[in-house]
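Q:
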Amino acid sequence: MITETYRSVASTFISLLSVKNSKFIAVIFPCSSLDNFKIELSQLKKQHPKASHFCHAIAVKENEISFRSSDDGEPSGTAGLPILGQLKSAQLLQVGIVVIRYYGGTKLGASGLIQAYKESARLVIESSDVIVIEQKIRIEIQGEYGVLMGIVSRCAKYKWKAEVKVKIDNTYQMEIITLESEKNKVNEMISKINDISFEIYIFN
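Residue numbering for the sequence shown follows the numbering used here, beginning at 24 and increasing consecutively.
#1: With 9 Å set as the bound, which would you pick, yes or no: does the beta-carbon of Leu115 sit closer than that to a beta-carbon of chain D?
#2: Quick test of your reading: Ile219 and Val170, contact by CB under 8 Å. State the CB separation rounded to the nearest angstrom.
#3: Tell me which residues share the same chain as Gln114 and place their Cβ nearer than 6 Å to its Cβ, disregarding the 5 neighbours each side in the sequence.
#4: Please list, in chain order, all residues of the same chain as Leu107 whose beta carbon is under 7 Å from its beta carbon, the five residues on each side excluded.
#5: Using the three-state DSSP reduction, which class does Cys78 fall into: helix, strand or coil?
#6: Can you say whether Tyr224 is buried or exposed, counting buried as having 16 or more other CB atoms within 10 angstroms of its CB?
#7: Mind checking whether the beta-carbon of Ile51 lies closer than 8 Å to any heavy atom of the ligand FMN?
#8: Helix, strand or coil, according to DSSP, for Leu67 in the structure here?
#9: Use the C-beta contact count for Lys180: other C-beta atoms within 10 angstroms, 16 or more gives buried, fewer gives exposed.
#10: Do you know how far the Cα of Glu63 is from the Cα of Ile199?
#11: Roughly how many whole angstroms lie between the Cα atoms of Gln196 and Ile148?
#12: So, Gln109 versus Lys141, is the Cβ gap smaller than 9 Å?
#13: Under the rule that 16 or more other beta-carbon atoms within 10 Å means buried, what is Val189, buried or exposed?
#14: Is Glu97 closer than 9 Å to His71 when the C-beta atoms are compared?
#15: Nearest-angstrom Cα distance between Pro105 and Arg124?
#16: What does DSSP give as the partner residues of Lys188 in its beta bridges?
#17: Can you give me the C-alpha to C-alpha distance between Ser99 and Ala49, rounded to a whole angstrom?
#18: For Lys43 versus Thr129, is the C-beta distance shorter than 9 Å?
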């Protein structure tokens with residue numbers, strides 16, 4: 024279930040961990056979708072053409088919450104899952120983490136890899152600017168001008184953002200934007216008004 028509020032990061036942050044001559048560069052960034060993540064990953068690969076691995080994890084919410092991870096050639100379960108574990112532990116959403124490894128010539132073994140990728144993810148999360156985001160709703164209402172202006176007056180009472188616009192076909196449309204936690208209150212108010220139609224959309 025997608026919650027009304029969630030933790031994310033404000034911008035991109037980078038951390039560096041060195042283990043037995045291998046460099047682990049961890050990058051954490053806001054990520055709105057799986058497609059967005061692929062674009063970010065592609066850019067990182069261009070920036071680090073000599074890196075040996077680009078292990079990663081992602082936690083995004085589109086229609087539902089999705090968790091993905093990849094070992095990118097490291098032994099199964101030694102990279103992607105430890106990174107994802109740190110994402111889940113920090114309760115972050117709309118976030119991607121890529122840990123870029125430059126192999127230093129010394130094998131770390133399964134336990135060493137798990138620890139290195141886990142620590143890399145932990146360090147970059149710790150260094151990032153974690154923020155709390157509450158989802159918003161946008162209500163689009165169609166109706167007569169006078170009716171819509173009456174709704175605007177009611178919205179002012181609750182400090183909801185409200186605006187009436189003229190559409191191309193010369194009909195009127197009103198838009199209300201507020202926090203999702205106000206959804207029931209908005210719905211109750213406009214459901215009592217005759218001669219209008221409306222749709223409610225959720226966004227960040």
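Virtual Cβ for every residue (Gly too), placed ideally from N, Cα, C. From a predicted model like this one, the values you see are computed outputs, not experimental measurements.
A: Checking against the coordinates, here is how it stands:
#1: This model lacks chain D altogether; it includes just one protein chain.
#2: 6 Å
#3: Arg30
#4: Ala80, Phe90 and Ser92
#5: strand
#6: exposed
#7: This structure lacks the ligand FMN; in fact it carries no ligand of any kind.
#8: helix
#9: exposed
#10: 33 Å
#11: 43 Å
#12: yes
#13: exposed
#14: no
#15: 14 Å
#16: Gln196
#17: 19 Å
#18: yes
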